[in-house]
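J.:
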Amino acid sequence: MKISCVILTMGNRVAELNRAVESALNQVDGDVEVVIVGNGADVPEVSATPPEGSAAVVKAIRLEQNTGIPAGRNRGVEECSGDVVLFLDDDGWYADQKVVSHVRDRFATEPDLAVISFRIMDPDGSGSQRRHVPRLRAGDPQRSSPVTTFLGGASAIRRSAFLQVGGLPERFFYAHEETDLAWRLLGEGYRIEYDAETVMYHPQVPPTRHAQFHRLNARNRVWLARRNLPWPLAVLYLTNWVVLTVIRERGASAALKSWFAGFFEGLRSPAGERRPMAWRTAWRMVKLGRPPIV
Numbered sequence: 001m002k003i004s005c006v007i008l009t010m011g012n013r014v015a016e017l018n019r020a021v022e023s024a025l026n027q028v029d030g031d032v033e034v035v036i037v038g039n040g041a042d043v044p045e046v047s048a049t050p051p052e053g054s055a056a057v058v059k060a061i062r063l064e065q066n067t068g069i070p071a072g073r074n075r076g077v078e079e080c081s082g083d084v085v086l087f088l089d090d091d092g093w094y095a096d097q098k099v100v101s102h103v104r105d106r107f108a109t110e111p112d113l114a115v116i117s118f119r120i121m122d123p124d125g126s127g128s129q130r131r132h133v134p135r136l137r138a139g140d141p142q143r144s145s146p147v148t149t150f151l152g153g154a155s156a157i158r159r160s161a162f163l164q165v166g167g168l169p170e171r172f173f174y175a176h177e178e179t180d181l182a183w184r185l186l187g188e189g190y191r192i193e194y195d196a197e198t199v200m201y202h203p204q205v206p207p208t209r210h211a212q213f214h215r216l217n218a219r220n221r222v223w224l225a226r227r228n229l230p231w232p233l234a235v236l237y238l239t240n241w242v243v244l245t246v247i248r249e250r251g252a253s254a255a256l257k258s259w260f261a262g263f264f265e266g267l268r269s270p271a272g273e274r275r276p277m278a279w280r281t282a283w284r285m286v287k288l289g290r291p292p293i294v
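Residues in the sequence shown are numbered consecutively from 1, following the UniProt record's numbering.
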């Protein structure tokens, strides 16, 4: 199976981007096709080159404006020729040289596997970041398991499955686009796995560093429900998240104000095509440990 790797960049982290590209190119049994997408920015020149004798290549494309994470990754996938696409943040890198061979083996032998979500570790190797474990019971990051969502910048996706369900929802721009894709993949009968053996390093950075985090988080959560859930589940899902957010953000009036502004924006504005999941898919998610109400 051929492996491609899509890396989004804003062109402002040259050294980090070079490290990311190098970690993808230097994989054992790799020959990885690396596609760097400049999201509204020129792609910096990188010094990383494929090892001697490798068939790996590096391609760069520039988008005229910052179209957001999902649209940027969709453009990258369009440029890929791989059977499996790795998504890697430009400030992340793979922990060892065996990630690609492990990913290739899993996808080659498990035809219903659509996504592998990687384990993220602190750069100093001190431990895994619990908040990046895509399941409710995140206490043991070293335990692999089936999951119902994944981490976009630390994942591998079967390209044919990605295209089958329409890729990432571009209107989302940032936040919850992976869950939208994951729910649609589950509806088609695919599996999503958190694989603790596939490890990448990434600096600890709070998601709230993005100025529009709370607004987009709320808006996209509403769009996610409107696009994918039967109406009874959509109401339960959104009610649950209103309660959880009020509890978590109590005392943070600015955050709550921004969140509720995004929530009502999500109710008023077009969410895109509605394809509610079958009740059997919802039940499957219940059995996987994360019903689509939380």
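Positions of the beta carbon are idealized from the N, C-alpha and C atoms, including for glycine.
(1) Does residue 38 pass the burial test, meaning 16 or more other C-beta atoms within 10 Å, or should it be called exposed?
(2) Please check the pair residue 271 and residue 214, which I expect to be a contact at CB under 8 angstroms, by giving their CB distance rounded to whole angstroms.
(3) Suppose only complete runs of 3+ residues qualify. What are the beta strand (DSSP E) ranges in the UniProt domain "Glycosyltransferase 2-like" (5-163), listed by chain order?
(4) For a test of the three-state rule: what should DSSP assign to residue 196, helix, strand or coil?
(5) Using only alpha-carbon positions, find the residue among 93, 65, 26, 64 that is nearest to residue 203.
(6) How many Å lie between residue 290 and residue 282 at the Cα?
(7) Within a Cβ cutoff of 8 angstroms, which residues of the same chain sit near residue 278, ignoring the five residues on either side of it in sequence?
(8) Residue 227 by DSSP, collapsed to three states: which one?
(9) So the alpha helix (DSSP H) residue 256 belongs to, where does it begin and stop?
(10) For the segment 179-193 against the segment 147-158, do three or more pairs of beta-carbon atoms, one drawn from each stretch, fall closer than 8 angstroms, so that the two count as touching?
(11) Roughly how many whole angstroms lie between the Cα atoms of residue 6 and residue 155?
T.: According to the structure shown:
(1) By the beta-carbon neighbour count (other beta carbons within 10 angstroms, threshold 16), residue 38 is buried.
(2) For a cut-off of 8 angstroms, the C-beta gap from residue 271 to residue 214 is around 19 angstroms, too long to register as a contact.
(3) Runs found: 33-39, 57-63, 84-89, 113-121, 154-158.
(4) strand
(5) When the alpha-carbon of residue 203 is set against those of 93, 65, 26, 64, the nearest one is in 93.
(6) 9 angstroms
(7) 187
(8) Residue 227: helix per DSSP, three-state reduction.
(9) 253-268
(10) Judged by Cβ distances under 8 angstroms, the segment 179-193 makes contact with the segment 147-158, as three or more pairs qualify.
(11) 10 angstroms
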